[in-house]
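There are 2 protein chains.
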Amino acid sequence: MGEDTNYLSALQDYYSAERAMPSFAKICQLLGFSSRSSAAALVARLKLQGYLDSTETGRLKPGKRFFERELAGDVVKAGMPSATYDGARDTITVDEYLVEKPSKTIMIQVKGDSMIDAGILPNDMVVVEKRQMANVGDMVVAIVDGEFTLKTLGREKDEFVLYPANPAYPVIRPHGNLEIFGVVVGQFRKYG
Amino acid sequence: MGEDTNYLSALQDYYSAERAMPSFAKICQLLGFSSRSSAAALVARLKLQGYLDSTETGRLKPGKRFFERELAGDVVKAGMPSATYDGARDTITVDEYLVEKPSKTIMIQVKGDSMIDAGILPNDMVVVEKRQMANVGDMVVAIVDGEFTLKTLGREKDEFVLYPANPAYPVIRPHGNLEIFGVVVGQFRKYG
DNA sequence: TTGCTTGCCGATCAAATGTTCGATTATCAT
DNA sequence: ATGATAATCGAACATTTGATCGGCAAGCAA
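Top to bottom, those sequences are chains A and B. Residue numbers for the first sequence follow the numbering used here, beginning at 1 and rising by one. Residue numbers for the second sequence follow the numbering used here, beginning at 193 and rising by one.
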């Protein structure tokens, strides 16, 4: 049980480096087993705990808990930095974290400060999932007068409206012909 | 060539959903091939372009460019971006964009709203480069009273101080014993 | 002691894997 | 037409895969 934790760590490291799960044979090599049935048993144990899972064809893949983050302690909480984080074991990339539907996702650089109160600064990048369907409250990229606009989708009476997150900008009321390009599912920014 | 782009998208979607690469047989099923050699040929093509790679045991895994996403840089003008299929599209991966020194970089989840005016919301992730040297004006993760704190580094007279980006929080004046854990080089956030 | 559980080994099996080859088709420039 | 190229197919190959079985040793409770 306690040993399994170390085994899991090794598997996470492998996945982090290779971006693919090892085969049973590779697991043996990795963990020092000499029989693949040992690997199979270990995998069965870890599956029960939700750390591993299988493809429909029986191949190994990460389970839901596989990515449980050992995040470098909360900013507020105490703890020494050396203790909270040792290795650079990021099992998942930012891309995988932010993008769920790669084929429908594009990055757009934000111009202007109309969403600044929502924490979107000029030149930020937003991750946009291209689709027409959006819910009220979603941040959307809409097409107004042939131009892209980043706003929050709202509804007034029976009409959809676009709210900026900056009191200096007006609410946009497209009166029926509102075209939505996509929905903002993420955002990122680089400093320096 | 153009068709391969669609094929790649399908593989990316599969990987994003399954967190594992499909086998050749699965690729056939996914893309409508009826021979695994077709899948092998496609994989060989995508490997050459750096989108795919192989494990040491021959299993498929994502290549370096696998996580690239299309970048719609200047969004302002023009009606539809789909018309802008003039050859080389800009692509980026968020990880490469945000992380320059992987071995010295960690992600920290932000607790609290002390930097809200700087566009850092609670639960945002900040990309922190671990180093002691920072410049005035840099956003830093400092260790004050044994706790991590996200603030902007400033100087008053001959002392370093930490400015929050929220008028509700006080300026921190460590009086000499200021320990800097790292410098914020990026930030990202996921919606929904 | 006895009995039970847990983890690992060694061996075996059917199924799935990636690879390779030759043949076929479609496209396009000559 | 002719030839070249690219993409797909169909079939065969040797390996590797994950699954399964019985057996063994260590730990622990009764």
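All residues carry an ideal CB built from backbone N, CA and C; glycine is no exception. Fair warning: this is a prediction, and the values are worked out from it, not measured in the lab.
A distance below 8 Å separates the beta carbons of T55 (chain A) and A212 (chain B). Residue state for R19 (chain A) is assigned as coil, using DSSP reduced to three classes.
In this structure, DSSP gives V94 (chain A) a helical state, which the three-state scheme calls helix. Apart from the 5 residues on each side of it in sequence, G137 (chain A) sits with its Cβ closer than 8 Å to the Cβ of T152, L153, G154 in its chain, given in chain order. Listed along the chain, the chain B residues whose CB falls inside 8 Å of the CB of V161 (chain A) amount to none; the nearest CB is some 19 Å away.
In this model, P356 (chain B) and V126 (chain A) are separated by some 25 Å (Cα to Cα). Annotation for F67 (chain A): no alpha helix (DSSP H) segment contains it, and DSSP assigns it neither H nor E. In this structure, the straight-line span from the alpha carbon of L238 (chain B) to that of L200 (chain B) is close to 8 Å.
DSSP, reduced to helix, strand and coil, places Y191 (chain A) outside both helices and strands of the structure shown, so it counts as coil. Looking at the backbone, the Cα of A231 (chain B) and that of Y383 (chain B) are separated by about 35 Å. Judged by DSSP secondary structure, V235 (chain B) falls within the alpha helix (DSSP H) whose first and last residues are 228-240. The beta-carbon of F188 (chain A) is placed less than 8 Å from the nearest beta-carbon of chain B.
Looking only at A:E129, A:E18, A:L178, the smallest Cα-Cα distance to E100 (chain A) is reached by A:E129. It is roughly 12 Å from the alpha-carbon of D245 (chain B) to the alpha-carbon of L234 (chain B). Contact between N166 (chain A) and D95 (chain A) is absent: CB atoms are separated by about 29 Å, not below the 8 Å threshold. Around the Cβ of G374 (chain B), a 10 Å sphere holds 16 or more other Cβ atoms; the residue is buried. Neighbours of Y97 (chain A) across chain B, judged by C-beta separation under 7 Å: K382. With respect to T93 (chain A), F380 (chain B) sits apart: the two C-beta atoms are not nearer than 8 Å.
Within chain B, no residue has its CB atom less than 9 Å from the CB of V43 (chain A), the nearest being about 14 Å off. In this structure K26 (chain A) is buried. Its beta-carbon is surrounded by 16 or more other beta-carbon atoms within 10 angstroms. DSSP places I308 (chain B) outside any beta strand (DSSP E), giving it a letter other than H or E. If you draw a straight line from the Cα of L178 (chain A) to the Cα of C220 (chain B), it is about 40 Å long.
Between the C-alpha atoms of V161 (chain A) and L313 (chain B) there is a straight-line separation of about 25 Å. Within chain B, no C-beta atom comes less than 7 Å from the C-beta of T152 (chain A); the nearest is roughly 11 Å away. Going by C-alpha positions, M325 (chain B) is about 8 Å away from I372 (chain B).
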